Amino acid sequence: DGGITQSPKYLFRKEGQNVTLSCEQNLNHDAMYWYRQDPGQGLRLIYYSQIVNDFQKGDIAEGYSVSREKKESFPLTVTSAQKNPTAFYLCASSRLSEAFFGQGTRLTVV
Amino acid sequence: AQSVTQLGSHVSVSEGALVLLRCNYSSSVPPYLFWYVQYPNQGLQLLLKYTSAATLVKGINGFEAEFKKSETSFHLTKPSAHMSDAAEYFCAVSEGTGFQKLVFGTGTRLLVSP
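Just so you know, the protein sequences line up as chains A and B, in that order.
When we follow the working numbering, the leftmost residue of the first sequence carries the number 1, and every step to the right adds one.
When we follow the working numbering, the leftmost residue of the second sequence carries the number 1001, and every step to the right adds one.
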């Protein structure tokens, strides 16, 4: 079945550590996105990529980094510079007029 | 810039009652509008979308929404609520096809009581 796979589902990070969230899609979509979800704030765009080897900052990119070396993959790194990383992270891809979402990764700082 | 406002962070209905979730948008160009549903600890699932065709859009699970340009609204309705409809609902707007840089509302949690 085609879809978007995010891993891991739950992730714990110690203060000062970088962590990488995985996002893989087999839908052959050019565009991919990372959103952050916090209670009562909806989804906010972190980074997006319209094509391989190109990506753009979204509304809340500080403390995050991404790469897009392959069409299928768009990993997100949460760096130690992100002061409040505890949140639910959603990856999406899109084609034409519809976006498809993964099941999310819940990141908790311990 | 686009924006979305969802009125009411929580909406409570009884099973069998009408569901109405409100969404107003702002866009400088004809918008594409979406409603997504999210169950706890899961991703978002598309309920329905408006892409400049018919103004009354029917979606999955008996939901529908009507695009009203004069009111800049895209409210979500369902004639009869079911317990399984309890979830969080997000309205979103984008400015066209292809590249879907969606802007989301803050969400409305639907509570359904027996």
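Beta carbons: idealized from backbone N, C-alpha and C, even for Gly.
Just so you know, these numbers come straight off a predicted model, no measurement behind them.
CA-to-CA, the gap between valine 66 of chain A and leucine 1018 of chain B works out to about 43 Å.
By the Cβ rule, the segment 1067 to 1080 of chain B counts as touching the segment 1020 to 1037 of chain B, because three or more pairs are nearer than 8 Å. Residue burial is scored here from C-beta neighbours: lysine 9 of chain A has fewer than 16 other C-beta atoms within 10 angstroms and is therefore classed as exposed. Around the beta carbon of tyrosine 1039 of chain B, fewer than 16 other beta carbons sit within 10 angstroms, so the residue counts as exposed.
Rounded to the nearest whole angstrom, the C-alpha separation of leucine 1110 of chain B and histidine 1082 of chain B is 11 Å.
Per DSSP, reduced to three states, the secondary structure at serine 1028 of chain B is coil, with no helix or strand assignment.
Out of A:Gln37, A:Tyr64, A:Cys23, A:Ser7, the CA that lies nearest to the CA of serine 80 of chain A is found in A:Tyr64. Contacts with chain A at 8 Å (Cβ-Cβ) include asparagine 1041 of chain B.
Below the 8 Å Cβ cutoff, chain B contributes no neighbours of glutamine 25 of chain A, its closest Cβ being approximately 12 Å away. Residues of the segment 41 to 53 of chain A with a C-beta less than 9 Å from any C-beta of chain B: Gln41, Gly42, Leu43, Arg44, Leu45, Tyr48, Gln50, listed in chain order.
Under the DSSP assignment, valine 1093 of chain B falls in the beta strand (DSSP E) whose first and last residues are 1087 to 1094.
For serine 1084 of chain B, the secondary structure class from DSSP, reduced to helix, strand or coil, is helix.
For isoleucine 1060 of chain B, the secondary structure class from DSSP, reduced to helix, strand or coil, is helix. The criterion of a C-beta distance shorter than 8 Å is satisfied by asparagine 53 of chain A and arginine 68 of chain A. DSSP places aspartate 54 of chain A within a strand segment (E or B) once states are collapsed to three. By the neighbour-count criterion, in which 16 or more other beta carbons inside 10 Å mark a residue as buried, lysine 1049 of chain B falls on the buried side.
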